[in-house]
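Each remark here refers to the structure printed beneath this line.
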Amino acid sequence: MLFTFKHTPQDFFVEELLGFELSGKGDVFFVQFEKENKNTMDIIAHLCKSFPIERKDLGISGLKDKHAVTRQRICIYKSVLEKIGGDQTKGREEFLKHLGQVAKIITTTWHDTPLAVGRHKYNRFRIVLRFKDTPSSELETNIEEKIKKIQTTGFPNCFGQQRFGKGNRNFKRACEIFQMTKKAMKNAFEIRFKLQAFSSMYFNHYALSRRKKGQHLLEGDILTSTFHAWKAEVGSYENQEIHLFDYQQCKEHYPDKEFFAPNYYDKTIPYDPKKWTPTGLILGYNMLLCPNGSKAFFKDWELIKKSKVLDYMESIKKHQLWGIRRPLWIIPKNFSYTWSPSHTYHPLKKQNSPVLDPSVPQSGTAPLQGDPASPLGGGTPEQSEGGGSYIEVPYESREGGCELTLNFTLPTGAYATVLLSSIFQDIDYNTCKQNKLLIPNEIISIN
2 MLFTFKHTPQ DFFVEELLGF ELSGKGDVFF VQFEKENKNT MDIIAHLCKS FPIERKDLGI
62 SGLKDKHAVT RQRICIYKSV LEKIGGDQTK GREEFLKHLG QVAKIITTTW HDTPLAVGRH
122 KYNRFRIVLR FKDTPSSELE TNIEEKIKKI QTTGFPNCFG QQRFGKGNRN FKRACEIFQM
182 TKKAMKNAFE IRFKLQAFSS MYFNHYALSR RKKGQHLLEG DILTSTFHAW KAEVGSYENQ
242 EIHLFDYQQC KEHYPDKEFF APNYYDKTIP YDPKKWTPTG LILGYNMLLC PNGSKAFFKD
302 WELIKKSKVL DYMESIKKHQ LWGIRRPLWI IPKNFSYTWS PSHTYHPLKK QNSPVLDPSV
362 PQSGTAPLQG DPASPLGGGT PEQSEGGGSY IEVPYESREG GCELTLNFTL PTGAYATVLL
422 SSIFQDIDYN TCKQNKLLIP NEIISIN
């Protein structure tokens, strides 16, 4: 095996970046915390067990890896804190006390609105890959060339293995649900989750097919001005121009259609490759297709026919699996890499005085027991998309081998494992397979 991935939790560090400032005022209490070898739902389950509260009382933006060191925020309304402790102050103390039993408290503050799923804008990563043997100069050059290509042209925005479960079982179960080969599940959430794996797998198939054929941009592609849904502009591409249209208005015009295409355009502007990103189809009900007759439209239609999704629209509509579009490619922000001799991590020493994250407004903040600065650096608001300095972590050198450390920032919803696969899959397929880094692309025919 060429290298090991996640040899220790410290080899995979991820930190949520909100992308907006917390005001320090309001009725919602925000806590930034760090966890290790626990997933986010473990933390939530602990809090719900500790207090008379439910899952809906707690706000989070993302679910973070278990076998990693991760930083994210959780929030709770002032009224729920009062329910916990009798008054806001006591409730806050109790909440932090119990959260501190399973995670490290980094910072606290207040804001006027709670977190919603997917609301944070970026995830910042530091990943260490441990090579048993020092790579040859040829191999090192090959790896660096692939990294540099991703820095300029990006990588396919596929869904990672986490989406599909071991052996892609979630996708396979979705196919069974469509065929009704087993007794129907009663849990609506579980059914919807499995069906999403079906749509995600076909998106992977579409994105990888276009990458293989070098089809980065096609006539008729639906483009978006940002990776995020909020305030995104949408348009279709033709002859170096973007024809803009109002997606929501277009959707409202066809509320009960299985699929629809743009029916009018607001204006036409020049195409800027630095601003606009082509999208691919996530199969579901009420799908936005590329303009009729365009090259991209025929690609959409090929995917629809291959998946036989129209045969299962009754089930898809029943379980509210909506068709959306997802950016096809991602260019990481602040992507850097370093080679170094192999080391073994020592645990970080806990500090008594807190080191606050300078990217978070501290007005109204009440920091508790502190922790060393993020291994990725706190950064200033201007650096919050991936900048910042790096702390020194105690190391113990060992003989032989080396480490490749990758630092980068991805938009919410993108997978770091897919980036790694895009670098290494063509270099050493078996290493990617053993480290569970292969991009899922297993299409099953539904009869």
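Positions 2 to 448 (the numbering used here) are the ones given, in order, by the sequence shown.
Every residue, glycine too, gets a C-beta built ideally from N, C-alpha and C.
Selection from the options that minimises the alpha carbon distance to residue i
| i | options | result |
| --- | --- | --- |
| Trp-111 | Gly-92, Lys-79, Ala-69 and Glu-139 | Lys-79 |
| Ala-417 | Ile-178, Gln-249, Ile-61 and Val-129 | Val-129 |
| Ile-192 | Asn-408, Ser-423, Thr-5 and Lys-318 | Lys-318 |
| Pro-279 | Ile-75, Gly-63 and Tyr-207 | Tyr-207 |
| Val-419 | Lys-306, Ile-151 and Ile-54 | Ile-151 |
| Glu-22 | Ile-54, Thr-114 and Glu-55 | Thr-114 |
| Gln-73 | Leu-97, Glu-55 and Ile-106 | Ile-106 |
| Thr-142 | Tyr-338, Ile-85, Ser-422 and Pro-412 | Tyr-338 |
| Ile-77 | Ala-69, Asp-66, Lys-306 and Phe-52 | Phe-52 |
| Leu-408 | Lys-91, Lys-65 and Ile-148 | Checking the displayed sequence, the identity of residue 408 turns out to be Asn instead of Leu. Among Lys-91, Lys-65 and Ile-148, the Cα nearest to that of Asn-408 belongs to Ile-148. |
| Arg-212 | Glu-303, Gly-281 and Leu-64 | Gly-281 |
| Arg-120 | Glu-177, Ile-444, Thr-413 and Ser-316 | Thr-413 |
| Ser-341 | Gly-402, Gly-101 and Gln-11 | Gly-402 |
| Leu-100 | Glu-239, Asp-301, Cys-49 and Gln-162 | Cys-49 |
| Leu-405 | Leu-140, Gly-236 and Ser-201 | Leu-140 |
| Thr-71 | Leu-311, Ile-424, Phe-194 and Gln-11 | Gln-11 |
| Arg-56 | Lys-98, Val-118, Leu-219 and Lys-91 | Val-118 |
| Gly-63 | Thr-41, Gln-163, Ile-223 and Leu-97 | Thr-41 |
| Gln-162 | Glu-177, Ile-144, Ile-428 and Ala-415 | Ala-415 |
| Ile-428 | Pro-136, Ile-54, Ile-75 and Leu-97 | Pro-136 |
Residue i vs residue j beta-carbon contact at 7 Å
| i | j | result |
| --- | --- | --- |
| Val-32 | Asn-124 | no |
| Leu-18 | Gly-60 | no |
| Asn-171 | Phe-179 | no |
| Tyr-266 | Phe-298 | no |
| Lys-296 | Gly-221 | yes |
| Ala-69 | Phe-13 | yes |
| Tyr-203 | Ile-243 | no |
| Met-314 | Glu-259 | yes |
| Glu-95 | Gly-87 | no |
| Lys-122 | Gly-27 | no |
| Gly-236 | Leu-224 | yes |
Beta-carbon contacts of residue i that lie in its chain and below 8 Å, excluding the five residues immediately before and after
| i | result |
| --- | --- |
| Asp-426 | The sequence given here places Gln at residue 426; Asp does not occur at that position. Cβ within range, chain order: Cys-433, Leu-438, Leu-439 and Ile-440. |
| Gln-363 | With a pLDDT of only 36 at Gln-363, under 50, the local geometry of the prediction cannot be trusted, and no value is derived from it. |
| Val-103 | Lys-36, Lys-39, Asp-43, Ile-44 and His-47 |
| Asn-293 | Ala-262 |
| Thr-269 | Glu-242, Ile-243, His-244 and Leu-245 |
| Lys-67 | Asn-38, Lys-39, Asn-40 and Asp-43 |
| Leu-209 | Pro-157, Cys-159, Ile-440 and Asn-442 |
Beta bridge counterpart(s) of residue i as assigned by DSSP
| i | result |
| --- | --- |
| Ile-75 | Val-32 and Ile-61 |
| Tyr-123 | Leu-18 and Pro-412 |
| Arg-326 | Leu-282 |
| Val-129 | Thr-406 |
| Lys-268 | Leu-245 |
| Leu-289 | Phe-261 |
| Ile-331 | Phe-156 |
| Lys-105 | Glu-35 |
| Trp-340 | Leu-405 |
| Trp-111 | Phe-30 |
| Leu-224 | Gly-236 and Pro-279 |
| Phe-13 | Ile-128 |
| Thr-5 | Arg-131 |
| Val-310 | According to DSSP, Val-310 bridges with nothing at all. |
| Val-70 | Phe-14 and Glu-37 |
Same chain only: Cβ atoms within 7 Å of residue i, ignoring 5 sequence neighbours per side
| i | result |
| --- | --- |
| Gly-276 | For the record, residue 276 in the displayed sequence is Lys; it is not Gly. So the qualifying residues of the chain are Ser-226. |
| Asn-205 | Cys-159, Phe-160, Ile-440, Pro-441 and Asn-442 |
| Gln-435 | Met-2 |
| Ile-283 | Ser-200, Phe-204, Gly-324, Ile-325, Arg-326 and Arg-327 |
| Arg-174 | Lys-195 |
Cβ-based neighbour list, residue i, same chain, cut-off 6 Å, excluding 5 preceding and 5 following
| i | result |
| --- | --- |
| Asp-58 | Val-81 |
| Phe-336 | Gln-152 and Phe-409 |
| Leu-421 | Leu-438 |
| Gly-92 | Leu-82, Glu-83, Ile-85 and Gly-86 |
| Ala-233 | Thr-225, Ser-226 and Thr-227 |
| Thr-90 | none |
How about the region 25 to 41 and the region 149 to 160: do they share at least three Cβ pairs that are nearer than 8 Å? no
So, do the region 287 to 303 and the region 319 to 330 have three or more beta carbon pairs nearer to each other than 8 Å? yes
Do the region 246 to 255 and the region 331 to 344 make contact, defined as three or more Cβ pairs closer than 8 Å? no
Does the region 130 to 138 touch the region 2 to 13, meaning 3 or more C-beta pairs lie closer than 8 Å? yes
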